[in-house]
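A.B. asks:
Residue numbers (our numbering), protein chains in the order written: chain A, 1 to 280; chain B, 1001 to 1247.
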């Protein structure tokens, strides 16, 4: 065997070992949750009121937050993808910032902004709105940390839409709104769904900002991750059951994300930004 | 005046730091959140991990590398002792439960009974946390369980989280230890819990069974129980140990 052949074999072995270690490391904690308790006991714990209450709170707040993210995030992403204006990259960076912020910082920020004595909090107080300790506060926290994931992906999806198709639609006399809904949105669909799935998963797992801004109260603000934290010292089996539940939901989201990316239309031939076109 | 005062304060600060020279090092102390300020003042030597006693106990049960466990009650160390996870616990201090409200007192609370007012935002600690269970004892003793628990807006994970929610002004009131209230001067008003409703509030500590440095752990416990250690506990507002019981 030549020296080169041996080196190549060694390199192959190194790749194999490294990926084996990496895979085992990433899979083991997830697997351990299911191995630690028998499936029967896991299912038993899922009917525990702590779990069902937290599941309802999580679903309500996450779904509402996602609706807000779609409603406000989609136009924001479209604007940032299709228009070139001074300060655009600053806007994109600001929109992305919550993505890299530590959740505890997000919690402090939300308190400083919307707390009773926060920047806007006192104004909200005038109208009799007190956010902290309410389900609305959980929704706000989730929307704050999860929206960048959607907006980021949505910008990329809108930028990937072939500008020629948009131009064609417009020259055929279709209005901008109709073009958006009939041409742009269907073409960007795959990317938008993928972004939304990521934002949903991040929102469902939100912990730090929620516990600081919304507190933790069963049936009101205690989401699944907060219930894990609260039950850790009370009943370890319940925390395992909630964790297993969250793994299943996250895995389902990930699979739907993979499927969504397959729906993505064939890659556009031109990468020029259709934002250079004018749409009046 | 300032000219004299500043060096004086600096000298004083230096003197207190010098007094608190590390004596026991190389061990990890798991201690209740309410001990966050006073323990490092008695000995800055060990590594500290502060949290709800119940959380720390759960971590020790899961094999956390602690040498000493100091809890805000006697129940949790006793349970760990029964499971063979810690050695025999010793009582080392006592505390008192108080009600705190933000200095601005937005809900106008003057006594524990005012917590019944509808719309009051009360924050307490989770039931598993010692201060949370003491809170429930007080409310039960005063016959306020149902009427006050209705106003609870959050069950926090430890006593310092309750305190910060009140100090920030987000919550209208919260139950904490009198020693915690002292750590945020000017931010909260303290309202006494009637003496007849005070639960027995005793702290116990123990050497963790899996500790690899039990001699140092024992030295640390002796240090807390020493005259100097107890003096610092008293200075922080903790209560003196009851006189030695017979038998």
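For every residue, glycine included, the Cβ atom is placed at its ideal position computed from N, Cα and C.
All of these numbers come straight from a predicted model, not from anything done at the bench.
Roughly how many angstroms separate the alpha carbons of residue 246/A and residue 86/A, rounded to a whole number?
C.D. replies: Distance between the alpha carbons of residue 246/A and residue 86/A: 42 Å.
A.B. asks: By the criterion of Cβ-Cβ separation under 7 Å, what are the contact partners of residue 223/A in chain B?
C.D. replies: Those within 7 Å of residue 223/A in chain B number zero; the least Cβ separation is about 13 Å.
A.B. asks: CB-CB under 8 Å to residue 1084/B, same chain, minus the five flanking residues each way: which ones, in chain order?
C.D. replies: So the list reads 1209, once near-sequence residues are dropped.
A.B. asks: Taking buried to mean at least 16 other C-beta atoms within 10 Å of its own C-beta, is residue 4/A buried or exposed?
C.D. replies: Residue 4/A is exposed by the Cβ-count criterion.
A.B. asks: Rounded to the nearest angstrom, how far is the Cβ of residue 1032/B from that of residue 1048/B, given a contact under 8 Å?
C.D. replies: That pair is no contact at about 11 Å.
A.B. asks: Which stretch, first to last residue, makes up the alpha helix (DSSP H) that contains residue 78/A?
C.D. replies: Where residue 78/A is concerned, the enclosing alpha helix (DSSP H) stretches over 49-82.
A.B. asks: Which residues in chain A have a C-beta closer than 7 Å to the C-beta of residue 1169/B? List them in chain order.
C.D. replies: Neighbours of residue 1169/B on chain A, chain order: 116 and 117.
A.B. asks: Mind checking if residue 1055/B is an interface residue toward chain A, Cβ cutoff 8 Å exclusive?
C.D. replies: Closer than 8 Å to some Cβ of chain A, the Cβ of residue 1055/B qualifies, so yes.
A.B. asks: Note down, in chain order, each residue of its chain lying with its Cβ closer than 6 Å to the Cβ of residue 53/A, except the 5 sequence neighbours on either side.
C.D. replies: Within the same chain, residue 53/A has close Cβ partners 218 and 219.
A.B. asks: In the DSSP assignment, what residue or residues form a beta bridge with residue 1069/B?
C.D. replies: Bridge partners of residue 1069/B: 1030/B and 1206/B.
A.B. asks: Candidates 16/A, 6/A and 34/A: which alpha carbon is nearest residue 243/A's?
C.D. replies: The candidate whose alpha carbon is nearest that of residue 243/A is 34/A.
A.B. asks: So, helix, strand or coil for residue 1164/B, using DSSP?
C.D. replies: The answer is helix: DSSP assigns residue 1164/B an H, G or I state.
A.B. asks: Let me know if residue 241/A comes out buried or exposed under the rule of 16 or more other beta-carbons within 10 Å of its beta-carbon.
C.D. replies: Buried, because 16 or more other Cβ atoms sit within 10 Å of the Cβ of residue 241/A.
A.B. asks: With H, G and I counted as helix, E and B as strand and the rest as coil, what does DSSP make of residue 214/A?
C.D. replies: In the structure shown, residue 214/A sits in coil (DSSP, three-state: anything other than H, G, I, E or B).
A.B. asks: Strictly below 9 Å CB to CB, what residues from chain A border residue 1123/B?
C.D. replies: Within 9 Å Cβ-Cβ: 133 and 215.
A.B. asks: Helix, strand or coil for residue 1181/B per DSSP?
C.D. replies: Three-state DSSP puts residue 1181/B in a helix.
A.B. asks: Measuring only the C-alpha atoms, how far is residue 41/A from residue 93/A?
C.D. replies: Straight-line Cα distance between these residues: approximately 46 Å.
A.B. asks: Looking at the C-beta of residue 1165/B, does it have a partner C-beta in chain A at a distance below 8 Å?
C.D. replies: By this cut-off, residue 1165/B is an interface position.
A.B. asks: Return helix, strand or coil for residue 1097/B, following the three-state DSSP convention.
C.D. replies: Reduced to three states, the DSSP call for residue 1097/B is strand.
A.B. asks: Express the C-alpha separation of residue 1057/B and residue 6/A in angstroms, rounding to a whole number.
C.D. replies: Roughly 54 Å separates the two Cα atoms.
A.B. asks: Can you pull out the residues from the region 1106-1139 of chain B whose beta carbon lies closer than 9 Å to at least one beta carbon of chain A?
C.D. replies: Listed by position along the chain: 1106, 1121, 1123, 1126, 1127, 1128 and 1129.
A.B. asks: Does residue 1040/B come out as helix, strand or coil in the three-state DSSP assignment?
C.D. replies: Note: residue 1040/B maps to helix in three-state DSSP.
A.B. asks: Within 8 Å of any Cβ in chain B, is that where the Cβ of residue 232/A sits?
C.D. replies: Answer yes: the Cβ-Cβ gap between residue 232/A and chain B drops below 8 Å somewhere.
A.B. asks: Starting from the C-beta of residue 8/A, find all residues in its chain whose C-beta is less than 7 Å away, skip the five residues before and the five after it, and write them out in chain order.
C.D. replies: Closer than 7 Å at the Cβ level, and outside the excluded window around residue 8/A, lies no residue.
A.B. asks: Pop quiz: residue 121/A and residue 115/A are said to be a contact at Cβ under 8 Å. What is the actual Cβ separation, rounded to whole angstroms?
C.D. replies: 5 Å between Cβ atoms; contact.
A.B. asks: Taking the C-alpha atoms as reference points, what is the distance between residue 1117/B and residue 1144/B?
C.D. replies: Their Cα atoms are separated by approximately 12 Å.
A.B. asks: For residue 1024/B, which residues in the same chain have their Cβ closer than 7 Å to its Cβ, ignoring the five residues on either side in sequence?
C.D. replies: Only 1043, 1045, 1046, 1216, 1219, 1220 and 1223 meet the Cβ criterion.
A.B. asks: In angstroms, rounded to a whole number, what distance separates the CA positions of residue 1103/B and residue 1148/B?
C.D. replies: Computed Cα separation, rounded: 21 Å.
A.B. asks: I'd like the list of long-range same chain contacts for residue 182/A, defined as Cβ closer than 6 Å, with 5 residues on each side in sequence excluded.
C.D. replies: The answer is none, since no qualifying residue turns up.
A.B. asks: Could you give the distance in angstroms between the alpha-carbon of residue 1205/B and the alpha-carbon of residue 1212/B?
C.D. replies: Distance between the alpha carbons of residue 1205/B and residue 1212/B: 17 Å.
A.B. asks: Listed from N- to C-terminal order along the chain, which residues in the region 86-116 of chain A have their beta-carbon within a distance smaller than 8 Å of any beta-carbon of chain B?
C.D. replies: Those would be 111, 115 and 116, in chain order.
A.B. asks: Evaluate contact between the region 1173-1183 of chain B and the region 1113-1128 of chain B, counting only Cβ atoms and requiring at least three cross-stretch pairs below 8 Å.
C.D. replies: Cβ pair count under 8 Å is three or more, so yes.
A.B. asks: Determine which residues share a DSSP beta bridge with residue 1155/B and list them.
C.D. replies: For residue 1155/B, which the question treats as bridged, DSSP gives the partners 1124/B.
A.B. asks: Give the range of the alpha helix (DSSP H) segment to which residue 41/A is assigned.
C.D. replies: Start and end: 39-46.
A.B. asks: I'd like the list of long-range same chain contacts for residue 1109/B, defined as Cβ closer than 6 Å, with 5 residues on each side in sequence excluded.
C.D. replies: Cβ within range, chain order: 1101 and 1173.
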